[in-house]
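Structure first, commentary second.
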């Protein structure tokens, strides 16, 4: 997934604190998760098969620049990332394939 993720950050789990991308973008992702991690986990529970299950979802999109915000949960880790342009569906399909 890396070539299409402009910036990403992992909160929790074994990879806690891992990130990549421009510092300003990662800082925004960190600030969002610092404030909203529990709300994000709750939202992911609404779309997961069961509470706490691995899940991947799009949290929002910027229509002007065509970027989306992806959130994935696996175990205790949350990944929040900014997706470039029209690759959102490709990433969601890759997640679904990897989870089979």
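Residue numbers (this note's numbering): 194 to 293. Every residue gets a Cβ at the ideal spot worked out from N, C-alpha and C, and that includes glycine. Please read all numbers here as calculations on a predicted model, not as lab measurements.
Nearest neighbour of residue 199 by Cα position, chosen from 253, 212, 206, 240, turns out to be 212. Rounded to the nearest angstrom, the Cβ distance from residue 240 to residue 252 is 11 angstroms, too far for a contact under 8 angstroms.
Scanning 277, 290, 273 for the CA closest to the CA of residue 220 turns up 273. A straight-line Cα-Cα distance of about 10 angstroms links residue 216 and residue 222. Here the alpha carbons of residue 277 and residue 236 stand approximately 23 angstroms from one another. Taking C-beta separations shorter than 8 angstroms and ignoring five residues to either side along the sequence, the partners of residue 267 in its chain run 206, 247, following chain order.
A direct Cα-to-Cα measurement between residue 203 and residue 226 gives close to 9 angstroms.
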